[in-house]
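Residue numbers (the numbering used here), protein chains in the order written: chain A, 877 to 1217; chain B, 877 to 1217. All C-beta atoms in this analysis are idealised placements derived from N, C-alpha and C, irrespective of residue type, glycine included.
Protein chains: 2
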Amino acid sequence: MKLKEFAKQLGLSPTTVSRALSGYPEVSEKTRQRVAEEAVRLGYRPNINAVRLVTGRAGAIGVVMGRSGEFQFSEYMSGMAERLDSEDIDILVSPLAEQDGKNENQLYSRLATSGRVDAVIIHSPMPNDERIALLHRLGMPFLVHGRSETQVPHAWLDIDNEGAIRRATSHLIDLGHRRIAMINGRAGLTFSLHRDKGYREALAQRGIQFDPRLVAHGHFTDELGFRFARSFLEQSPRPTAFVAGSMMTALGIYRAVRSRGLVVGRDISVIAHDDVFPYLTADNMVPSLSTTRSSLRAAGARSADLVLQLLSGRPATEIHELWPVELILRESTGPVPQPAA
Amino acid sequence: MKLKEFAKQLGLSPTTVSRALSGYPEVSEKTRQRVAEEAVRLGYRPNINAVRLVTGRAGAIGVVMGRSGEFQFSEYMSGMAERLDSEDIDILVSPLAEQDGKNENQLYSRLATSGRVDAVIIHSPMPNDERIALLHRLGMPFLVHGRSETQVPHAWLDIDNEGAIRRATSHLIDLGHRRIAMINGRAGLTFSLHRDKGYREALAQRGIQFDPRLVAHGHFTDELGFRFARSFLEQSPRPTAFVAGSMMTALGIYRAVRSRGLVVGRDISVIAHDDVFPYLTADNMVPSLSTTRSSLRAAGARSADLVLQLLSGRPATEIHELWPVELILRESTGPVPQPAA
DNA sequence: TGCTCCATCCAAATCGTTTTAAATTTTCAC
DNA sequence: GTGAAAATTTAAAACGATTTGGATGGAGCA
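In structure tokens:
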């Protein structure tokens, strides 16, 4: 069913019908109503590609999906979908086929110049991220999920990683812990740096010497969590508490602690960051896990919203949003154990 | 830069240029070469939306992304991307915003009738899957990743879940195990049923009584693996071996086994299915994990390929592909321990 | 040279919308 | 009842490609 045919059935011109459906003010409310109803009844829907051609809009937002598996895209994208549901906008994903950094730039480049998307979302940025410079240069609107320190102006949405980890660490210090290990995300990423900073600040505030042997960086996996925790626990004196970058990492830490015959929450305290997944909840862990919490899903929804604002003309330099992070105490944190008398 | 302008610069007509770029035979090789080179040099790229309008093709494949997190979309999609890289085809994801089943049908419906995609891929099908009937009715080409028992003709790519689990279970029986627990995927999904079948067949072949108390169904998470394993291990006599549906589940099982003071590979044998993720490898687990292995990434690549075949006219009824699954023995499987003398 | 036949190349129609600029109808004060 | 202003509606021109049906020019042959 084409517009022309549909309009004829209604006894109107294509123009009026098009306007009615797009909600323009030039068409009377009565007509608008009628057109809307008939469209549903007769099943008329504008050909999306014709619309795209004539308006010059792609009607899609691009997301490049890394392979590391550390970032839970499904959760974030569900959030985006929630917001985009009412709009007529798609999510286009470009999975990174290879790890190669140059390929990645090429991928962004192609995405930006292909006309397939109206905007792009960048994840896991670095302080000086090439992608930001690239997209800016190409004039493609984009939102950074996270932050960067580049001079290039960019819209961003980030959570307060620094504050979250500072508070978590401070809390552990309050509980009497002095040797606090930190298993952070991949080195070089902005959020890892922010977390490092929060950690060090908390230590510094209380006059505790920073010990680089207590900090590790890497992917957010159970496996790495286990390995790092395992090796930290072999130190003497060993750490009495862990700050972890993710729920996966925490699982690995739990495993490592148990494998040493120790008990989480009594011998070893653990706080991890929780992105809130439906299938892995801090409350259900044994013992339940103290967390710094911020919903990735909510971030996805808000990201979509901000991108829409960006597309409707709000300047990127105005779009900066920093979300506070909750600290939720559960069973995995407790006072530092007294050394065997 | 538009086609018209580009053609003028070359001193050719738009027709010839278009044909040259699309590789039609009516244009001489020399001209084709020249056009291709100049296109790169001058940066001419056909407007994708104009192409879409005039050809009627959307140039995209739709994937509906569930929220369960059990299915590793990034890995599968990377595979797809690998194959689609050379084609000019996008991947459109529609994350499921809610869990509601009716909403899901609506989502597929909208996707199919919106003209945004040329084909759809269905994941985690059930034996009698509504989505298959729906897409068939709507005349939207689709590939099922997995299988269904519906009469509706459909193209599919699946791995031999039944055979894989049958072999895994048989192997455990060969090692002397008699009480073998099975932690399977969500109840009702075809692949879970196939795995159940393989498990029961293996038992039946050796005259071992099937015990429903040794089988559990659920999402592929560490957490559920832990819980199920934990409760199985409380039985008396307890199982001496586990067959698990995923690597995550296996992690949970390892945890549960350790928490009972038992040792994987000696007291308890474990075999799990491995979809081959870059960040969680069976070899790196401690002890290394015996697996039934099939690369999800490869499945993604092949899926894309099959969809392209479907789109170029190959009948869906011809596209049925069943992949064998490797059984790889590592340290987590061993002979059944002798009962304490 | 004249003719046919290929290999190339081209003009114009088409895809299904949105939108500009203009025409028509309605409303309302006098 | 008239005329101007306001409210509706419309015809036709984009948008930027692909593709149909012809046109053109040169090679091959007598």
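Report the residues of the segment 1142-1164 of chain A with a CB closer than 7 angstroms to any CB of chain B, ordered along the chain.
-> Phe1153, Pro1154, Tyr1155, Leu1156, Asn1160
Roughly how many angstroms lie between the CA atoms of Gly1064 (chain B) and Ala1092 (chain B), to the nearest whole one?
-> Taking the first residue of the second sequence as position 1, residue 1064 (chain B) is located at position 188. Taking the first residue of the second sequence as position 1, residue 1092 (chain B) is located at position 216. The alpha-carbon atoms of Gly1064 (chain B) and Ala1092 (chain B) are separated by roughly 12 angstroms.
Along the chain, which unbroken stretches of the alpha helix (DSSP H) at least 4 residues long are found entirely within the segment 1090-1166 of chain A?
-> 1098-1109, 1123-1135
Can the beta-carbon of Phe1086 (chain B) be found less than 9 angstroms from the beta-carbon of Gly1128 (chain B)?
-> Reading the second sequence from its first residue, position 210 is the one you call residue 1086 (chain B). Reading the second sequence from its first residue, position 252 is the one you call residue 1128 (chain B). Their beta carbons are not under 9 angstroms apart, which means Phe1086 (chain B) does not touch Gly1128 (chain B) by this criterion.
Straight-line Cα distance separating Arg1142 (chain B) from Lys1073 (chain B) = The sequence position of residue 1073 (chain B) within the second sequence is 197, counting from 1. The sequence position of residue 1142 (chain B) within the second sequence is 266, counting from 1. Rounded to the nearest angstrom, the two C-alpha atoms are 27 angstroms apart.
Given that a residue counts as buried once 16 or more other Cβ atoms are within 10 Å of its Cβ, and exposed if not, what is Met1058 (chain A)?
-> As a working mapping, residue 1058 (chain A) is identified with position 182 in the first sequence. With 16 or more Cβ atoms within 10 Å of its Cβ, Met1058 (chain A) is classed as buried.
Paired residues, beta bridge with Ala936 (chain A) - DSSP | Translated into the one-based positions of the first sequence, residue 936 (chain A) becomes position 60. DSSP lists A:Asp966 as partners of Ala936 (chain A).
Where the beta strand (DSSP E) through Ile1049 (chain B) begins and ends = Translated into the one-based positions of the second sequence, residue 1049 (chain B) becomes position 173. Unbroken run through Ile1049 (chain B) is the alpha helix (DSSP H), 1037-1050; no beta strand (DSSP E).
Cβ of Thr907 (chain B) within 9 angstroms of any chain A Cβ | Along the second sequence, read from residue 1 onward, the residue named residue 907 (chain B) stands at position 31. Taking Cβ atoms only, chain A never reaches closer than 9 angstroms to Thr907 (chain B), which makes this a no.
Counting Cβ pairs, one atom from each stretch, are 3 or more of them under 8 angstroms apart for the segment 1042-1049 of chain A and the segment 1143-1152 of chain A?
-> yes
Could you tell me how far apart the beta carbons of Leu1172 (chain A) and Ala995 (chain A) are, in whole angstroms, since I believe they sit closer than 8 angstroms?
-> The residue labelled residue 1172 (chain A) in the question sits at position 296 within the first sequence. The residue labelled residue 995 (chain A) in the question sits at position 119 within the first sequence. Contact flag wrong, Cβ pair sits at about 20 angstroms.
Gly1176 (chain B) versus Pro1113 (chain A) - alpha carbon distance = Here residue 1176 (chain B) refers to the residue found at position 300 of the second sequence. Here residue 1113 (chain A) refers to the residue found at position 237 of the first sequence. C-alpha separation (whole angstroms): 48 angstroms.
According to DSSP, which residues form a beta bridge with Glu1202 (chain A)?
-> Start at 1 with the first residue of the first sequence, and residue 1202 (chain A) comes out as number 326. DSSP output for Glu1202 (chain A) lists A:Arg1169 as bridge partner(s).
Using 10 angstroms around the beta-carbon of Asp1050 (chain A), count the other beta-carbons present and answer buried if the total reaches 16, otherwise exposed.
-> Numbered from its first residue, the first sequence carries residue 1050 (chain A) at position 174. By the neighbour-count rule (16 or more Cβ atoms within 10 Å), Asp1050 (chain A) is not buried but exposed.
Cβ-based contacts, 8 angstroms cut-off: residues of the segment 1045-1063 of chain A near chain B = none
Residue environment, Arg917 (chain A), which counts as buried when at least 16 other CB atoms sit within 10 Å = On the first sequence, residue 917 (chain A) is found 41 positions in, with the first residue counted as 1. When all chains shown are included, Arg917 (chain A) counts as exposed.
Indicate whether at least one CB of chain B lies closer than 9 angstroms to the CB of Ala936 (chain A).
-> Locating residue 936 (chain A) in the first sequence gives position 60, where the first residue counts as 1. Cβ-Cβ to chain B under 9 angstroms: yes for Ala936 (chain A).
Roughly how many whole angstroms lie between the Cα atoms of Ile998 (chain B) and Asn979 (chain A)?
-> Start at 1 with the first residue of the second sequence, and residue 998 (chain B) comes out as number 122. Start at 1 with the first residue of the first sequence, and residue 979 (chain A) comes out as number 103. Roughly 29 angstroms between the two C-alpha positions.
So, helix, strand or coil for Phe947 (chain B), using DSSP?
-> By one-based count along the second sequence, residue 947 (chain B) stands at place 71. Reduced to three states, the DSSP call for Phe947 (chain B) is coil.
Of the choices B:Val893, B:Ser985, B:Val1133, whose alpha-carbon is the least far from that of Thr1116 (chain B)?
-> Translated into positions along the second sequence, residue 1116 (chain B) becomes position 240. Considering only alpha carbons, the answer is B:Val1133.
Tell me where the alpha helix (DSSP H) around Leu1069 (chain A) begins and ends.
-> Position 193 of the first sequence, counting from 1, holds the residue named residue 1069 (chain A). Unbroken alpha helix (DSSP H) run through Leu1069 (chain A): 1066-1081.
Note down, in chain order, each residue of its chain lying with its Cβ closer than 8 angstroms to the Cβ of Leu1220 (chain B), except the 5 sequence neighbours on either side.
-> No answer is possible for residue 1220 (chain B): the residues shown for chain B start at 877 and end at 1217.
Indicate whether at least one CB of chain A lies closer than 9 angstroms to the CB of Glu1197 (chain B).
-> On the second sequence, position 321 is the one that residue 1197 (chain B) refers to. Judged by the 9 angstroms Cβ criterion, Glu1197 (chain B) is not in contact with chain A.
Can you find a CB in chain A that lies within less than 9 angstroms of the CB of Asp1181 (chain B)?
-> Your numbering for residue 1181 (chain B) matches position 305 in the second sequence. Chain A, which has no Cβ nearer than 9 angstroms to the Cβ of Asp1181 (chain B), makes this no.
Look at the Cβ atom of Leu1014 (chain A), then the Cβ atom of Ala1031 (chain A), and state whether they are nearer than 9 angstroms.
-> As a working mapping, residue 1014 (chain A) is identified with position 138 in the first sequence. As a working mapping, residue 1031 (chain A) is identified with position 155 in the first sequence. It is not a contact, given that the beta carbons lie outside the stated cut-off.
List, in order along the chain, the chain B residues whose C-beta lies closer than 8 angstroms to that of Ala957 (chain A)?
-> For the purposes of this step, residue 957 (chain A) is identified with residue 81 of the first sequence, where counting begins at 1. Correct list: Ser970, Pro971, Leu972, Ala973.
Name the residue from A:Ser1208, A:Met1161, A:Gly1022 whose alpha carbon lies nearest to the alpha carbon of Met1002 (chain A).
-> Taking the first sequence and counting its residues from 1, the one referred to as residue 1002 (chain A) is at position 126. Nearest option by C-alpha distance: A:Gly1022.
Coil, strand or helix - Phe882 (chain A) by DSSP | Reading the first sequence from its first residue, position 6 is the one you call residue 882 (chain A). Here Phe882 (chain A) sits in helix by DSSP.
What is the residue span of the alpha helix (DSSP H) that Asn1060 (chain A) lies within?
-> Taking the first residue of the first sequence as position 1, residue 1060 (chain A) is located at position 184. Careful: Asn1060 (chain A) lies outside any alpha helix (DSSP H), inside the beta strand (DSSP E) at 1056-1060.
Separation of Lys906 (chain A) from Gly899 (chain A), as counted between CA atoms | For this step, residue 899 (chain A) is matched to residue 23 along the first sequence. For this step, residue 906 (chain A) is matched to residue 30 along the first sequence. Rounded to the nearest angstrom, the two C-alpha atoms are 12 angstroms apart.
Taking C-beta pairs closer than 7 angstroms, name the residues in chain A that Arg943 (chain B) reaches, listed in chain order.
-> Counting from 1 along the second sequence, the entry for residue 943 (chain B) is found at position 67. Ordered by position in chain A, the residues that pass the 7 angstroms Cβ test against Arg943 (chain B) are Ser950, Ser954, Pro1154.
Check Val903 (chain A) in the structure and name its three-state DSSP category.
-> As a working note, residue 903 (chain A) is residue 27 in the first sequence. Here Val903 (chain A) sits in coil by DSSP.
Chain A residues whose Cβ lies nearer than 7 angstroms to that of Leu1041 (chain B) | Taking the second sequence and counting its residues from 1, the one referred to as residue 1041 (chain B) is at position 165. Leu is not the amino acid found at residue 1041 (chain B); the sequence shown has Ile there. Per Cβ cutoff of 7 angstroms: no residues; Ile1041 (chain B) is ~23 angstroms from chain A at best.
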